[in-house]
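Engineer:
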Amino acid sequence: MNEHEEFSFDLDDKTMSGLLKKAKRKNTLRTALISASVTLVMVVGGFFGYIRIDSYNRDRTFFDLETITKITQPNVEHMLQTPAPFAAGLLHNGLSIQTYKVIEGIPVRWETQMYEYSLWGSFQQLNRGLSITLEEGTSEINANYNPQTFQRELEFFLPFLTYKEYQNDLPLLAKMDGQAAELSLSFDKPYTVAEIEAMLPAGVHPQWYWVDAYYNKATLLPHEIEVDVKRPDGTVFKVPQTVRTDSPEHARSVYGFDARSGETEANFLQALDLGLSINHMHHDEFERIYNYLRGDKTKPTTADVKILGVVVTGTAQDLQKLEGAPYLKASVLGVTVDLP
36 MNEHEEFSFD LDDKTMSGLL KKAKRKNTLR TALISASVTL VMVVGGFFGY IRIDSYNRDR
96 TFFDLETITK ITQPNVEHML QTPAPFAAGL LHNGLSIQTY KVIEGIPVRW ETQMYEYSLW
156 GSFQQLNRGL SITLEEGTSE INANYNPQTF QRELEFFLPF LTYKEYQNDL PLLAKMDGQA
216 AELSLSFDKP YTVAEIEAML PAGVHPQWYW VDAYYNKATL LPHEIEVDVK RPDGTVFKVP
276 QTVRTDSPEH ARSVYGFDAR SGETEANFLQ ALDLGLSINH MHHDEFERIY NYLRGDKTKP
336 TTADVKILGV VVTGTAQDLQ KLEGAPYLKA SVLGVTVDLP
């Protein structure tokens, strides 16, 4: 073949069509493999990314709960181990926390608290049930029972309010031979940790201190409001009315700090600092309490932490020593347990 000779490709239409189809199949297969690989990488990456975000939000929920419970939930311990998921979904997940109380060295099962947390970092408690309220004798004060355990719940009476009736559960202890219990004691005025430890009788053990964190005192104190009243002709006139709070503070709504480990007012301030620095969901509440305590100062001091009451435990016999204590305004019986 010399330079003047030309190549001759004698391909008919059928052969050419076959070659084109083969090339198209290869291209389609290559595209499918690339797409499948990209999809697989995205799915695997998305799955592990979701697991990572879910784990982060679960841990942050635990951490937020751990910081807020440092100043709430009197005499309640939390088992913050491996979460038990429920109500799982694409954008949310759930966890449950078992709580318990310790009465004179005896653990007593308390609530199972269930929470739902979202992919965006928020969370809420799903089973915050209402207390079971029962009338007791001729008293206007009703006893509240926990809906999960059917044990009595603690309540507190504010010293700066005057109630129509104060609860005194100390006489109940005389019928509790062979038992131990917790009591919430409401004082006549604020006291320090040192004063409380000195004035409690032997065998009466402080477990949790109730702190004055009432930045909203004005709404609790008796105050006048105007109520609209409609006349028969349809016109409206205003009538003054006094609003007063006569219900005790439920254990779910009070603030304080643990007493079992020998903590003092300084530990409450440390818990506030911790909540302000890292708590996500309850930051505003920490801030309101912090600002209330510090007043016009740069930061609060231990002298600003005023203790209004205490949760104590003891045998029924030892707790009866509180009868006639001049510093008590009220006493409310909580969880009871049989002694071994």
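For the sequence shown, this note's numbering begins at 36 and goes up steadily by one.
Backbone N, C-alpha and C define an ideal beta-carbon position, used for all residues, glycine too.
Computed from a predicted model, the values in this text were never measured in an experiment.
1) Going along the chain, which residues of its own chain have a beta-carbon closer than 7 Å to the beta-carbon of TYR325, five neighbours each way excluded?
2) Please list the terminal residues of the continuous beta strand (DSSP E) segment that includes SER219.
3) Assign ARG15 to one of three DSSP states: helix, strand, or coil.
4) Please go through the same chain and pick out, in chain order, the residues whose beta-carbon is closer than 6 Å to the beta-carbon of GLN276, but skip the five residues on each side of it.
5) On a CA-only basis, which of VAL370, ASP268 and SER219 is nearest GLY344? Give me that one, please.
6) Taking its Cβ as the centre, do 16 or more other Cβ atoms sit within 10 Å of GLU200, making it buried, or is it exposed?
7) So what does DSSP say about ARG163, is it helix, strand or coil?
8) Beta-carbon separation of LEU304 and THR337 under 9 Å?
9) Buried or exposed: where does PHE272 fall if 16 or more other Cβ atoms within 10 Å of its Cβ makes it buried?
10) May I have the straight-line CA-CA distance separating LEU189 from GLN352, to the nearest angstrom?
11) Pick out the complete alpha helix (DSSP H) segments inside the stretch 293 to 320, 4 residues or longer, and give them in chain order.
12) Determine the burial state of TRP155: buried for a count of at least 16 other Cβ atoms within 10 Å of its Cβ, exposed for fewer.
13) What would DSSP say about LYS252, mapped onto helix, strand or coil?
14) For GLU402 and ASP339, what's the separation of their Cα atoms in angstroms?
15) Based on Cα-Cα distance, which residue from THR102, ASP99, LEU100 and GLN108 lies nearest to SER288?
16) Enumerate in chain order the residues of its own chain whose CB-to-CB distance from ILE103 is below 6 Å, with the five nearest sequence positions on each side excluded.
17) Taking buried to mean at least 16 other C-beta atoms within 10 Å of its own C-beta, is ASN92 buried or exposed?
18) So what does DSSP say about PRO275, is it helix, strand or coil?
19) Could you spell out where the alpha helix (DSSP H) holding GLN352 opens and where it closes?
20) Candidates TYR198, LEU363 and ARG295: which alpha carbon is nearest VAL111's?
21) Residues bridged to GLY291 by DSSP?
22) Taking buried to mean at least 16 other C-beta atoms within 10 Å of its own C-beta, is ASN62 buried or exposed?
23) Could you check the C-alpha separation between LEU161 and LYS59 for me, to the nearest Å?
Structural biologist: This is what the structure gives:
1) These residues qualify, in order along the chain: LEU307, LEU311 and PRO335.
2) 214 to 226
3) The structure shown does not extend to residue 15, since the chain is modelled only from 36 through 375, so no value can be given for it.
4) ILE260 and VAL262
5) SER219
6) exposed
7) coil
8) yes
9) exposed
10) 20 Å
11) Every alpha helix (DSSP H) stretch that sits fully inside the stretch 293 to 320 and reaches 4 residues is listed by chain position as 300 to 313.
12) exposed
13) helix
14) The structure shown does not extend to residue 402, since the chain spans only 36 to 375, so no value can be given for it.
15) GLN108
16) HIS317
17) Counting Cβ neighbours within 10 Å, ASN92 comes out buried, since at least 16 surround it.
18) strand
19) Unbroken alpha helix (DSSP H) run through GLN352: 351 to 354.
20) Of the listed residues, the one whose Cα sits closest to VAL111 is ARG295.
21) TRP245
22) Residue environment: ASN62 is assigned as exposed (fewer than 16 neighbouring CB atoms within 10 Å of its CB, all protein chains considered).
23) 57 Å
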